[in-house]
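Mapping the sequence shown onto my numbering, position 41 (from 1) lands on 85, and the numbers just tick up by one. For reference, the structure is listed below as structure tokens.
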Amino acid sequence: MTVYKFGLADAAFERSPGQDGDVFTGNVLDQRHGGPVTIGFGRYGANQELEEVIEVHDTIVVLEGQISVSSENGTVTAGPGDVIALQRGDKVTIRSHEEGAVTAYVTYPHWQESQT
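Below, the structure is given as structure tokens:
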């Protein structure tokens, strides 16, 4: 059994696909490692907004700052230590607040494979 430990410094951040705002993702474990999930970190600048239809099951853990996620069912706001679960097919708007945010995420299946 392989055990991994990752920190924020292990992530190579890239602009989140399909947008030009100050929102970046950094996978630390993904399809290249042979497992079924992608694990990584997200970094949101202040007052950023990202509209998406979720193409994978996505679990977000807020590490710093706050994010709000709005859907047809309302809006939830999460801060450090909170977890947001998004299901495949959800149409959402993810918004950071004045201080920006840092998150960790786990997706199933791999989100990069759903982009092709």
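Beta carbons: idealized from backbone N, C-alpha and C, even for Gly.
Per the DSSP secondary-structure output, Leu-73 pairs in a beta bridge with Ile-83.
Glu-58 and Gly-70 have their C-alpha atoms roughly 6 Å apart. Nearest to Gly-78 by alpha-carbon distance, out of Thr-103, Asp-102, Tyr-48 and Val-105, is Tyr-48.
Looking at the DSSP output, Leu-94 bridges to Ile-138. Looking at the backbone, the Cα of His-141 and that of Gly-125 are separated by about 16 Å. As a beta-bridge residue in DSSP terms, Gly-109 pairs with Ala-145.
Comparing alpha carbon positions, the residue from Asp-74, Ala-90 and Phe-85 closest to Gly-65 is Ala-90. Taking a 10 Å sphere around the C-beta of Gln-92, we find 16 or more other C-beta atoms and assign the residue as buried. Burial is judged here by how many other beta carbons sit within 10 angstroms of a residue's own beta carbon; Ser-60 has at least 16 and is buried. For a cut-off of 8 Å, the C-beta gap from Val-146 to Leu-52 is around 7 Å, short enough to register as a contact.
Here Thr-121 has Gln-110 and Ser-112 as same chain residues with Cβ atoms under 7 Å from its own Cβ, once five neighbours each way along the sequence are excluded.
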